[in-house]
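Asker: Supplied in structure tokens, the structure appears directly below.
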Amino acid sequence: MTRSDTKSRAVARPLPLNQILAGDCIDVMNALPENSVDLIFADPPYNLQLKGELHRPDNSRVDAVDDHWDQFSGFAAYDQFTRAWMAAARRILKPDGAIWVIGSYHNIFRVGAELQNQGFWILNDVVWRKANPMPNFRGKRLTNAHETMIWASKSEGAKYTFNYEALKSLNEGVQMRSDWVLPICTGGERLKDAAGAKAHPTQKPEALLHRVIVGSTNPGDVVLDPFFGTGTTGAVAKMLGRDFIGIEREEAYRAVAEKRISRIRKFDAEAIATTKAKRAEPRVPFGQVIERGMLRPGEELYSMNNRHKAKVRADGSLIGNDVKGSIHQVGAALEGAPSCNGWTYWHFRREGRMVPIDILRQQIRAEMEADEGRPN
Ligand SMILES: C[S@@+](CC[C@H](N)C(=O)[O-])C[C@H]1O[C@@H](n2cnc3c(N)ncnc32)[C@H](O)[C@@H]1O
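Residue numbering for the sequence shown follows full-length UniProt numbering, starting at 1 and increasing by one per position.
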């Protein structure tokens, strides 16, 4: 059997879309096809290393992250775990895919270094400033009021997705910055267990995922979260018309996430369409109009108010009333104006009518577009 036979007979494994997969994320990711997902959002254990219980001044116990899934024997064990899950994530990420990892000062520097060690290319670090952080009860350090998210492409130069216009639009027309002020998850959004306690200690706010998913994916993309918890990533992905794959080791969290996501309704296609940048129109120098014979050297152009005229020269410049220069410069000089759009200012005569030279530019652009669509 030749190599190409083997290749053509290989059956592509289907992705388990919109499912929550049970198990260790490293094993589960290793069983998924390589280069298959568009975005990974990872909220790994923080390795908080809490020593004993934490109490408020009134002696009530703080519900801190002391869960078994956050326990590691030390930095070496945490680093080994980070290396393993990140390598598994990297394998399944498409070449033009990207990863977001969220963490606190306890782990984010170790995670960031490993991203670079593995060849990811950091695009931004986003500071999620918590509008309502937990105070520092002992008064021994600053209030820990933010978490950091690192956004990285799979490699330097990869064509990652960035919906610049969509994020700008989300920010009322102002460029989105790398500091996001959003509240932590409270109130109705915070999922509770049967006893009314928090269903998960580190449930992330949907607003955070909304920005991540709108900004770095398109409808129909596949978003994978290897540390799914209560399924915030899946819930927001579903709303926004993206497919998700969740991986979670704890059965109780999977159950909470299943129930949560089953209640989510996808927004309609028009509502989730991403604002794209207007495609810049190709620049056409006035000289091209002459080169193509659309206007001849020596031909006269007239200002739109018919008060001025200038002669076309073979090099694409104009001369009128002893002023030489581009269509814009000569128009501005004759009008005594600081600037002038020569394309709309100058007209040529055809069959007794004044026609703006911009018509000729549009004709060239239309030809360029038609050429783009033609096979070489
Ligand atoms: C920081 S929490 C994620 C919370 C989630 N972003 C949310 O909004 O609910 C990390 C989660 O990863 C899970 N986890 C930890 N290690 C894991 C592993 N090796 N494989 C799969 N899940 C794991 C934990 O059970 C925990 O639910």
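Note that the Cβ used here is the ideal one computed from N, Cα and C, for glycine as well. A quick note: this is a predicted structure, and the numbers were derived from the prediction, not measured.
Any chance the CB of K192 is under 8 Å from a heavy atom of ligand 1?
Answerer: The count along the sequence shown starts at 1 and reaches residue 192 at position 192. Result no, Cβ not under 8 Å from ligand 1.
Asker: Say the cut is 8 Å; is the CB of E189 nearer than that to a heavy atom of ligand 1?
Answerer: The sequence position of residue 189 within the sequence shown is 189, counting from 1. No; taking the cut-off as 8 Å, the Cβ of E189 has no heavy atom of ligand 1 nearer than that.
Asker: Alpha carbons only, please: which of S317, F137, L21, G231 is nearest the one belonging to K259?
Answerer: Taking the first residue of the sequence shown as position 1, residue 259 is located at position 259. Of the candidates S317, F137, L21, G231, the one whose C-alpha sits nearest the C-alpha of K259 is G231.
Asker: Mind checking which residues open and close the beta strand (DSSP E) that includes N124?
Answerer: Within the sequence shown, the letter at position 124 stands for residue 124. Its beta strand (DSSP E) spans residues 121-130.
Asker: Between the alpha carbons of A89 and E367, how many angstroms are there, rounded?
Answerer: Against the sequence shown, residue 89 aligns to sequence position 89. Against the sequence shown, residue 367 aligns to sequence position 367. Between A89 and E367, the C-alpha separation is close to 45 Å.
Asker: Does the Cβ of F75 have 16 or more other Cβ atoms within 10 Å, making it buried, or fewer, making it exposed?
Answerer: The residue labelled residue 75 in the question sits at position 75 within the sequence shown. With fewer than 16 Cβ atoms within 10 Å of its Cβ, F75 is classed as exposed.
Asker: With a threshold of 8 Å, establish whether the CB of I247 neighbours any heavy atom of ligand 2.
Answerer: Summarising the ligand content, the structure contains ligand 1 and does not contain ligand 2.
Asker: Give the C-beta separation of G241 and A269 to the nearest angstrom, bearing in mind that I take them to be a contact with Cβ-Cβ under 8 Å.
Answerer: By 1-based counting over the sequence shown, the position of residue 241 is 241. By 1-based counting over the sequence shown, the position of residue 269 is 269. That belief holds up - the Cβ atoms of G241 and A269 are roughly 7 Å apart, short of 8 Å.
Asker: Am I right that A98 and Y160 are in contact with their C-beta atoms under 8 Å? What's the rounded C-beta distance?
Answerer: What you label residue 98 is simply residue 98 of the sequence shown in a count that begins at 1. What you label residue 160 is simply residue 160 of the sequence shown in a count that begins at 1. Rounded, the Cβ-Cβ distance is 5 Å, consistent with contact.
Asker: DSSP three-state label for T161, please.
Answerer: Mapped onto the sequence shown, residue 161 falls at position 161. Three-state DSSP puts T161 in coil, outside helix and strand.
Asker: Do G215 and N163 have their CB atoms nearer than 9 Å?
Answerer: What you label residue 215 is simply residue 215 of the sequence shown in a count that begins at 1. What you label residue 163 is simply residue 163 of the sequence shown in a count that begins at 1. A contact, by the Cβ cut-off of 9 Å.
Asker: Go through the UniProt domain "RAMA" (272-369) residue by residue and report every complete run of the beta strand (DSSP E) that reaches 3 residues or more, in order.
Answerer: If we require 3 residues or more, the beta strand (DSSP E) runs fully inside the UniProt domain "RAMA" (272-369) come out as 300-303, 309-312, 318-320, 323-325, 346-350, 353-356.
Asker: Judging by CA-CA distance, which residue of E291, T233, V101, G331 is the nearest neighbour of W121?
Answerer: Taking the first residue of the sequence shown as position 1, residue 121 is located at position 121. It is V101.
Asker: With a threshold of 7 Å on Cβ separation, who are the neighbours of Q203 within its own chain once the five nearest residues in sequence on each side are excluded?
Answerer: Within the sequence shown, the letter at position 203 stands for residue 203. Closer than 7 Å at the Cβ level, and outside the excluded window around Q203, lie C185, R190, L191, G229, T230, T232.
Asker: Is A237 helix, strand or coil by DSSP?
Answerer: In the sequence shown, counting from the first residue as 1, residue 237 sits at position 237. It is helical.
Asker: Residues in the same chain with beta-carbon distance under 7 Å from K266, minus the five sequence neighbours each way, listed in chain order, please.
Answerer: As a working note, residue 266 is residue 266 in the sequence shown. Result list for K266: K238, M239, G241, in chain order.
Asker: To the nearest angstrom, how far is the alpha carbon of G320 from that of A314?
Answerer: As a working note, residue 320 is residue 320 in the sequence shown. As a working note, residue 314 is residue 314 in the sequence shown. Approximately 14 Å, taken between the alpha carbons.
Asker: Go to D79, then tell me how far its alpha helix (DSSP H) extends in each direction, as first and last residue.
Answerer: Within the sequence shown, numbered from 1, the residue matching residue 79 stands at position 79. Unbroken alpha helix (DSSP H) run through D79: 75-92.
Asker: Leaving out five residues on either side along the sequence, give the residues of the same chain with a beta carbon under 8 Å from the beta carbon of I357.
Answerer: In the sequence shown, the residue the question calls residue 357 occupies position 357. Excluding positions up to five away in sequence, the list reads F286, V289, L295, L301, I327, G342, W343, W346, H347, F348.
Asker: Taking the beta strand (DSSP E) that G246 belongs to, which residues open and close that run?
Answerer: For this step, residue 246 is matched to residue 246 along the sequence shown. Taken as a continuous stretch (DSSP letters only), the beta strand (DSSP E) holding G246 covers 243-248.
Asker: Expressed to the nearest angstrom, what Euclidean distance is found between the alpha-carbon atoms of G246 and P282?
Answerer: Position 246 of the sequence shown, counting from 1, holds the residue named residue 246. Position 282 of the sequence shown, counting from 1, holds the residue named residue 282. About 43 Å.
Asker: With distances taken from CA atoms, which of D67, D58, A87 is nearest N30?
Answerer: Position 30 of the sequence shown, counted from the start, is the residue given in the question as residue 30. N30 has its Cα closest to that of A87, out of D67, D58, A87.
Asker: Please classify F228: does DSSP put it in a helix, a strand, or coil?
Answerer: The sequence position of residue 228 within the sequence shown is 228, counting from 1. Three-state result, F228: coil.
Asker: Considering only the beta carbon of each residue, do V223 and I26 sit closer than 9 Å?
Answerer: Translated into the one-based positions of the sequence shown, residue 223 becomes position 223. Translated into the one-based positions of the sequence shown, residue 26 becomes position 26. No, Cβ-Cβ distance for V223 and I26 is not below 9 Å.
Asker: With N47 and N107 assumed to form a contact (beta carbons below 8 Å), what rounded beta-carbon distance in angstroms separates them?
Answerer: Looking up residue 47 in the sequence shown gives position 47. Looking up residue 107 in the sequence shown gives position 107. Going by Cβ atoms, the distance from N47 to N107 rounds to 5 Å, so yes, they are a contact pair.
Asker: Within its chain, find whatever has a CB closer than 8 Å to the CB of E34; leave out the 5 residues flanking it on each side and keep chain order.
Answerer: Position 34 of the sequence shown, counting from 1, holds the residue named residue 34. Excluding positions up to five away in sequence, the list reads R91, I92.
Asker: Going by CA-CA distance only, name the one from K198, L170, V174 that's closest to A207.
Answerer: As a working mapping, residue 207 is identified with position 207 in the sequence shown. Here the closest residue by C-alpha is L170.
Asker: With 16 as the cutoff for other CB atoms within 10 Å, does D193 come out buried or exposed?
Answerer: Residue mapping note: residue 193 aligns to position 193 of the sequence shown, counting from 1. Burial call: exposed.
Asker: So the beta strand (DSSP E) E147 belongs to, where does it begin and stop?
Answerer: Numbered from its first residue, the sequence shown carries residue 147 at position 147. Residues 146-153.
Asker: Quick test of your reading: F227 and P44, contact by CB under 8 Å. State the CB separation rounded to the nearest angstrom.
Answerer: Working through the sequence shown from its first residue, we reach residue 227 at position 227. Working through the sequence shown from its first residue, we reach residue 44 at position 44. Contact flag correct, Cβ pair sits at about 5 Å.
Asker: Quick check: the Cα distance between D84 and Q19, rounded to an integer number of angstroms?
Answerer: In the sequence shown, counting from the first residue as 1, residue 84 sits at position 84. In the sequence shown, counting from the first residue as 1, residue 19 sits at position 19. What sits at residue 84 in the sequence shown is Ala, not Asp. Rounded to whole angstroms, A84 to Q19 spans 23 Å at the Cα level.
Asker: What residues in its chain sit with their C-beta under 8 Å from that of H200, if we drop five residues either side in the sequence?
Answerer: Numbered from its first residue, the sequence shown carries residue 200 at position 200. Hits under 8 Å: L191, G229, T230, Y253, V256.
Asker: Where I264 and P205 are concerned, what is the direct C-alpha to C-alpha distance, given to the nearest angstrom?
Answerer: Sequence index remark: in the sequence shown, residue 264 carries index 264 (1-based). Sequence index remark: in the sequence shown, residue 205 carries index 205 (1-based). C-alpha separation (whole angstroms): 15 Å.
Asker: Give a single yes or no on whether H328 has its beta carbon closer than 8 Å to a heavy atom of ligand 1.
Answerer: Numbered from 1 along the sequence shown, position 328 holds the residue referred to as residue 328. Not under cutoff, so the answer is no.
Asker: Hey, out of F137, R361, A333, whose CA is closest to S60's CA?
Answerer: Counting from 1 along the sequence shown, the entry for residue 60 is found at position 60. Minimum Cα distance to S60 is reached at F137.
Asker: Any heavy atom of ligand 1 inside 8 Å of the beta-carbon of C340?
Answerer: Locating residue 340 in the sequence shown gives position 340, counting from the first residue. Incorrect: C340 has no Cβ contact closer than 8 Å to ligand 1.
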